[in-house]
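All the letters of the sequence shown, read from the start, carry residue numbers 657 to 944 under the working numbering.
Just so you know, even glycine gets a beta-carbon here, dropped at the ideal spot from N, CA and C.
Remember, predicted model here, so these are calculated numbers, not experimental data.
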Amino acid sequence: MIKLSPRAEVIAAVISYSLCSGSLVLVNKLILHFLPFPSLVIVVQLLSTIFLIYGANLCGVMEIDEMKWEFMKPYLIYTVAFSTGVYTNMMCLSTSNVETVIVARALSPLVVSFLDAIFLGRELPSKRSVGALAMIVVGAMGYARTDEKFINQGASAYFWPFLYLIMITFEMVYGKKIVSDVNFKTLSGPVQYTNMLGWLPMLFFASMGGEFHSLETTAQENGATSSIEYLAALPSHVVALVVLGCLVGTGIGYSGWWCRDKVSATSFTLIGVLNKCLTVFMNVLIWD
657 MIKLSPRAEV IAAVISYSLC SGSLVLVNKL ILHFLPFPSL VIVVQLLSTI
707 FLIYGANLCG VMEIDEMKWE FMKPYLIYTV AFSTGVYTNM MCLSTSNVET
757 VIVARALSPL VVSFLDAIFL GRELPSKRSV GALAMIVVGA MGYARTDEKF
807 INQGASAYFW PFLYLIMITF EMVYGKKIVS DVNFKTLSGP VQYTNMLGWL
857 PMLFFASMGG EFHSLETTAQ ENGATSSIEY LAALPSHVVA LVVLGCLVGT
907 GIGYSGWWCR DKVSATSFTL IGVLNKCLTV FMNVLIWD
């Protein structure tokens, strides 16, 4: 195995996470074009990652960590926060627009930079860093002043975006805390726990969003007698996209926790915002 220097390891972690993050968004956009069931698609990707991890372990390809309650508890809290973040994100999209969600996400690095110092013992951001992050806040305020919903409804229009901001900042800080506090033997540990605990909440969201009913309706419209028959008859290019999404989803599981371990919570949050901006740019180039 190639041994990287600490600096090279940070660079490799950031690049791999960015590539997987951007790729997964674009691949999932294609998948949802053919299978408009977002929560169910995520469930398939989470379960596929578990299958790949334990399959590789059974074949002797890699070692994994044992499941222990002492590790389960902190990751259960993280999974609840992550799932709640997904729910508030969905509510943001249903009550506002994509731009508002991106602005709320863009505010998170500034908040996380102070929580990083308060809860994780890092130094407070320098004046230069605060100034740079504050420019994002100024941009967000400028956006709010021109946002039609904010003009018509006032601050109540940003209720769900505000809750989303709270959840995403907690998730980022707590995620870094458990990476520092919970010692696994392998990099598979965090991926095992988050995927094991994450698919049930996603099934709940699928049920809340009526995705099972929508799947049945889509199956009937395509002449299938059941959802299983409909899924079994999917075209090969759709199946290939789903498989690709599962592989990239596994990649982002590993690269995400690797990157989180190598950089501060603030840096990880900022990388996520930049990835989102680059993904939007790529999305415009490809589809618009």
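7 Å Cβ shell around residue i - same chain, five flanking residues per side excluded
{"i": "Leu859", "result": "Val699"}
{"i": "Glu867", "result": "Phe693, Ser695, Leu696"}
{"i": "Gly865", "result": "Ser695"}
{"i": "Leu771", "result": "Thr825, Val829"}
{"i": "Glu872", "result": "Ser883"}
{"i": "Leu934", "result": "Gly678"}
Beta carbon of residue i nearer than 8 Å to that of residue j
{"i": "Leu680", "j": "Gly905", "result": "yes"}
{"i": "Thr744", "j": "Thr850", "result": "no"}
{"i": "Ile834", "j": "Pro694", "result": "no"}
{"i": "Leu708", "j": "Trp855", "result": "no"}
{"i": "Ser624", "j": "Pro781", "result": "The shown model of the chain, from 657 to 944, leaves out residue 624, and the question about it has no answer."}
{"i": "Lys918", "j": "Ala669", "result": "yes"}
{"i": "Met823", "j": "Thr740", "result": "yes"}
{"i": "Ala760", "j": "Leu821", "result": "yes"}
{"i": "Gln766", "j": "Ala790", "result": "In the sequence as presented, Gln is not what sits at residue 766; that position holds Leu. In contact: Leu766 and Ala790 (Cβ atoms closer than 8 Å)."}
{"i": "Ser883", "j": "Ala896", "result": "no"}
{"i": "Trp816", "j": "Cys915", "result": "no"}
{"i": "Leu714", "j": "Val894", "result": "no"}
{"i": "Asn931", "j": "Gly678", "result": "yes"}
{"i": "Ile792", "j": "Ala762", "result": "yes"}
Close Cβ partners of residue i (< 8 Å) along its chain, the five nearest in sequence each way excluded
{"i": "Lys841", "result": "Glu719, Asp721"}
{"i": "Thr705", "result": "Val847, Asn851, Cys902, Gly905, Thr906, Gly909"}
{"i": "Phe727", "result": "Asp721, Val838, Phe840, Gly845, Tyr849"}
{"i": "Ala773", "result": "Glu779, Leu780, Pro781"}
{"i": "Leu843", "result": "Tyr910, Trp913, Trp914"}
{"i": "Phe775", "result": "Val829, Lys833"}
{"i": "Ala880", "result": "Tyr886, Ala889"}
{"i": "Ser920", "result": "Asp772, Leu776, Arg778, Lys832"}
{"i": "Leu686", "result": "Leu897"}
{"i": "Tyr710", "result": "Ile720"}
{"i": "Met723", "result": "Gln848, Tyr849, Met852"}
Residue i at chain B interface by Cβ criterion, 8 Å
{"i": "Trp816", "result": "Here there is only one protein chain, and chain B is not present."}
Contacts around residue i, its chain only, beta-carbon distance under 6 Å, and the 5 residues preceding and following it disregarded
{"i": "Ala862", "result": "Ser695, Leu696"}
{"i": "Val666", "result": "Lys918"}
{"i": "Ser892", "result": "none"}
{"i": "Leu900", "result": "Val683"}
{"i": "Thr756", "result": "Pro817"}
{"i": "Pro857", "result": "Ser739"}
{"i": "Lys659", "result": "none"}
{"i": "Leu819", "result": "Thr744"}
Do the stretch 917-932 and the stretch 671-683 make contact, defined as three or more Cβ pairs closer than 8 Å?
yes
At which residue ranges does the stretch 828-890 contain complete alpha helix (DSSP H) runs of 4 or more residues, listed in the order of the chain?
844-864, 867-877, 883-888
Would you mind listing the alpha helix (DSSP H) stretches within the stretch 702-782 that are 4+ residues and don't spill past its ends, in chain order?
725-751, 754-776
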